[in-house]
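Step one of this worksheet: look at the structure below.
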Amino acid sequence: MNDVLPEDWALFNSDASTLGVTLDDVQIEKFKTLLKLMRMFNKRASLTSDLGLKQAIKVHFLDSLSIVPFIKSCGFLNAKLLDVGTGGGFPGIPLKIAIPSLDLHLIEAKNKKVEYLQMALKELEIEGDTYFARAEEAAHKEQFREKFDFVTSRALGSWPTVLELSLPFCRVGGFLLGQRGADAEVDAIKYLQTASILGGTVYDVSKVGAGIGLNSRSLIMVRKINSIPDKFPRKAGIPAKRPLG
1 MNDVLPEDWA LFNSDASTLG VTLDDVQIEK FKTLLKLMRM FNKRASLTSD
51 LGLKQAIKVH FLDSLSIVPF IKSCGFLNAK LLDVGTGGGF PGIPLKIAIP
101 SLDLHLIEAK NKKVEYLQMA LKELEIEGDT YFARAEEAAH KEQFREKFDF
151 VTSRALGSWP TVLELSLPFC RVGGFLLGQR GADAEVDAIK YLQTASILGG
201 TVYDVSKVGA GIGLNSRSLI MVRKINSIPD KFPRKAGIPA KRPLG
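When we follow our numbering, the leftmost residue of the sequence shown carries the number 1, and every step to the right adds one.
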């Protein structure tokens, strides 16, 4: 991996500003620490694909930060955010760095990654709760079900699978924020009925990051308008094997 130079961090700060995200020196230092932690523990915990450090800044940090303007625009005070299938902590940890007032919760089904997340939060000196659990099971527990203002999903599977695994955590009036690729608008339209069955409606689909080289990235915003039927999500593995719709 190539070393990251001061000018690379200056470009990161500039690109974040292009996204509408203002970062101070303390926040930049936290991102530097996060990158070092990723570099140290990636092979051990299989956190992310093995990208060069400079590419990781764009693919993981900036892609995560592209959600910030929408979250802030909603005006929820001390919003509760759950990152489902967070993996190496994306987008959840960058969002917490950028919006310190977020009440951050991270759920992950692989124990090695959960151990890394706990260590990373401690090293970064940011507050957040981590859970070692499958989304299909956690979503049926009272402490999680329909409790969150925002639910994020970045690498959880096909869009109907994301809807089924994420919307049960979202409170009525809250939002599922799905980070997707070039087919986002097609998927959002194709699975409108699936979203409706699960209590949601597509609020908007937005291209994000075009000005900083993330040309294929989109954000699907789904608003939760009704409580989800008790039978969802289905048992572990079924949402991925037999997606709704």
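Quick reminder that beta carbons are idealized off the backbone N, C-alpha and C, glycines included. Note that the coordinates shown come from a computational prediction; the quantities given were computed from them, not determined experimentally.
query: Cβ-Cβ separation, Ser216 to Ala182 (assumed contact under 8 Å), whole Å; result: 5 Å
query: Beta-carbon spacing of Gly213, Lys72 below 8 Å; result: no
query: DSSP state of Gln179 mapped onto helix, strand, coil; result: strand
query: Outcome for Leu117 when other beta-carbon atoms lying within 10 angstroms are tallied against a minimum of 16; result: buried
query: Supposed contact pair Leu177 and Phe70 - C-beta distance, whole angstroms, cut 8 Å; result: 7 Å
query: Cβ-Cβ separation, Leu198 to Leu156 (assumed contact under 8 Å), whole Å; result: Incorrect: roughly 14 Å between the Cβ atoms, too far for contact.
query: For Cys170: DSSP bridge partner residues; result: Phe148
query: Whole alpha helix (DSSP H) elements within the region 20-81, 4-residue minimum; result: 25-45, 53-56, 68-74
query: The region 76-85 / the region 11-18 touching (three or more Cβ pairs under 8 Å); result: no
query: Whole-angstrom distance between Lys241 and Phe132, CA atom to CA atom; result: 22 Å
query: Ser227 versus Glu125 - alpha carbon distance; result: 35 Å
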